[in-house]
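Structure first, commentary second.
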Amino acid sequence: MTNFVAEQRFREIVLPLLDDAYSLARWLSQSPTDAEDIVQDAALRALQALSGVSVDRPKPWFLAIVRNAAMTFMARNRGKTLAYAGDMADLDALDLRQGDEVAPNPEQEFIAHEDGERLRQAIASLPSPFLETLVMRDVNGLSYREIAEATDTPVGTVMSRLARARATLAKTLRGEP
Amino acid sequence: MTDRETSERLLRLNAAVDGELDAMASLEFERAMRADPALAAEYRRLGALRDAVRRHAPREAAPRALADRVAALVPSASQTAAQAVVPFPRRTWLDRRALALAASLAVLGFAVGVGLTSLRPSSGSGEVAQRLVADFARAEIAGQPFDVASSDRHTVKPWLADRTTVSANIVDLAPEGFPLAGGRIAIVERIPAPTLVYRHNEHLVAVTELPAAGGARAGVGLETVDGYNVARWSGANLAYVAVSDMDEKTLAEFVEAFRRAQASSASEPPAR
């Protein structure tokens, strides 16, 4: 049931977050047109949900819906689910010693980072759990707690995923395999 | 350095870059960086990476067509995205179109919750309207138009009598097309007042009974408050306020039926 209270909440909560929603959907689906479908689906779900709940923190709430809509969309239209093979001991899998071995050279890295297309490709090729965590943090600007809420994940896992996502990006940008 | 220490160090670095350390942890981290140039270098590298991500993967604007389609999900919203993202004035949602939509969607448990909380003549209709909106939203969010849902006035009456100082005179208006839906309590100037909710098709009308302030007045006052029709009248001991999402004509018919039924029932009970 929709009603005009839900519609008013929708205007206050969802409409101002469309850019965030679209950006997240675009990164998750890696397709501008799919992102539009995902956001529209998410908006519908949000409107339906808003007749039954009040929302304390709109941004993680709506981005969680966008994320779920993206997962549904990918499963339905691409015959695959986003890679959510558990937490796969996120940090254990991370090569933690790389930082000690690479000589700090911020200038050189800065130049490498200026190669935007390479950086975007590196982000896009991150496994989904790391991709969504990084995008929610650096594109959407969510706090760790908000990411934990939006992804239904413990904060510790969010932290390790983010650390791993960035370490992987740094590695890629250094041209390591 | 053990794996665990390495891992903690990395998490702390990221948290520092993201501003997620609390004050004490930040202090500790700054001290650690001064003592450990390698840590400081890592911090700078990570910050540069974070900045590069933000620069090259910025938040993108949703395409206009998408924004228009999403805004169109809520019909009374402005149809252009540019306007839709501007916060709406608080009470725009009570415009006529929204109300027409609400009425068309109204089912039991939806359009309710209308307790006037101030009935002083000095109360501007704006103030009353605001309270109406607040009450309406509360009742709607709670999904509970009544505290006691019953079409049986012999159930509703004792329930209300236990909780209020005004004895509700519940009349049976089912033959007139306004069956009783339930009862609830409205708080008016800190006094609990019985409110009877009647139904008419998909619409509801809530009649709140109050101690009459200034004796009986002839006639029925009808007004529109933010699109809701409100009727006021008074008897010897009680004043009545009916708020409804019905149209004015139907509300007038309801009030007429209500007053007729009360007059023909036992004389109006005195306020206790």
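Chains A and B, in that order, are what the protein sequence lines are.
Here my numbering is used: the first residue of the first sequence is 5, the next is one more, and so on.
Here my numbering is used: the first residue of the second sequence is 8, the next is one more, and so on.
Using N, Cα and C, we set each Cβ at its ideal position, and we do this for glycine too.
Note that this is a predicted model, so its numbers are computed, not measured.
Out of B:Ser-272, B:Val-155, B:Ala-270 and B:Val-212, which has the shortest C-alpha to C-alpha gap to B:Ala-249? Sorting B:Ser-272, B:Val-155, B:Ala-270 and B:Val-212 by C-alpha distance to the C-alpha of B:Ala-249 places B:Val-212 at the top.
Given A:Leu-21, which residues of its chain have a CB within under 8 Å of its CB, disregarding the five upstream and five downstream residues? So the qualifying residues of the chain are Pro-62, Lys-63, Phe-66 and Leu-67.
Shorter than 7 Å from the beta carbon of B:Ala-270 to some beta carbon of chain A? No - not a single Cβ of chain A is within 7 Å of the one on B:Ala-270.
With a cut-off of 8 Å, do at least 3 Cβ pairs link the stretch 146–160 of chain A to the stretch 68–77 of chain A? Yes, the stretch 146–160 of chain A is in contact with the stretch 68–77 of chain A.
Beta-carbon separation (whole angstroms), A:Gln-44 vs B:Arg-76, contact threshold 8 Å: So it is a contact: roughly 6 Å between Cβ atoms.
So, using beta-carbon positions, are B:Ser-251 and B:Leu-245 closer together than 7 Å? Contact: no.
DSSP on B:Arg-206, reduced to helix/strand/coil? B:Arg-206: strand per DSSP, three-state reduction.
Can you tell me which of A:Asp-41, A:Glu-150, A:Arg-170 and A:Arg-122 puts its alpha carbon nearest to the alpha carbon of B:Leu-17? The option with the nearest alpha carbon to B:Leu-17 is A:Arg-170.
Environment of B:Asn-176 [buried if 16+ CB atoms lie within 10 Å]: B:Asn-176 counts as buried, since at least 16 other C-beta atoms from the protein chains shown sit within 10 angstroms of its C-beta.
Any beta carbon from chain B within less than 7 Å of A:Arg-49's own beta carbon? Chain B, which has no Cβ nearer than 7 Å to the Cβ of A:Arg-49, makes this no.
CB-CB under 6 Å to A:Asp-126, same chain, minus the five flanking residues each way: which ones, in chain order? The displayed chain sequence assigns Ala, not Asp, to residue 126 of chain A. So the list reads Leu-173 and Thr-176, once near-sequence residues are dropped.
Below-7 Å beta-carbon distance, B:Glu-27 vs any chain D residue: Checking the listed chains, one finds no chain D in this structure; the protein chains it contains are A and B.
Since B:His-63 contacts A:Leu-123 with CB under 8 Å, what's their CB separation in whole angstroms? With a beta-carbon spacing of about 5 Å, B:His-63 and A:Leu-123 fall inside the 8 Å limit used to define contacts.
Distance CB(A:Arg-13)-CB(A:Leu-48) smaller than 7 Å: Contact flag unset, no.
B:Arg-57 versus chain A: which residues are under 9 Å apart at the beta carbon? For B:Arg-57, the neighbours in chain A by C-beta distance under 9 Å run, in chain order, Arg-141, Asp-142 and Arg-170.
Give a yes or no on whether the minimum CB-CB distance between B:His-63 and chain A is below 7 Å. By this cut-off, B:His-63 is an interface position.
Taking a cut of 8 Å between CB atoms, which residues from the stretch 206–219 of chain B lie near chain A? Under the 8 Å Cβ criterion, the stretch 206–219 of chain B contributes no residue.
Inter-residue spacing [alpha-carbon to alpha-carbon] between B:Leu-167 and B:Thr-231: When rounded, the distance between both Cα atoms is 28 Å.
B:Pro-218 versus B:Thr-172 - alpha carbon distance: A straight line joining the alpha-carbon of B:Pro-218 with that of B:Thr-172 spans about 9 Å.
Shorter than 7 Å from the beta carbon of A:Asp-156 to some beta carbon of chain B? No, because no Cβ of chain B sits closer than 7 Å to the Cβ of A:Asp-156.
Would you decide whether A:Thr-182 is buried or exposed? Buried here means 16 or more other CB atoms lie within 10 Å of its CB. The displayed coordinates of chain A run from 5 to 181. Any statement about residue 182 of chain A would go beyond what the structure contains.
Continuous alpha helix (DSSP H) assignments of at least 4 residues falling wholly in the stretch 30–68 of chain A: Qualifying alpha helix (DSSP H) stretches, in chain order: 36–54.
In chain B, which residues lie with their C-beta within 8 Å of the C-beta of A:Phe-124? According to the sequence displayed, residue 124 of chain A carries Arg and not Phe. Correct list: His-63 and Ala-64.
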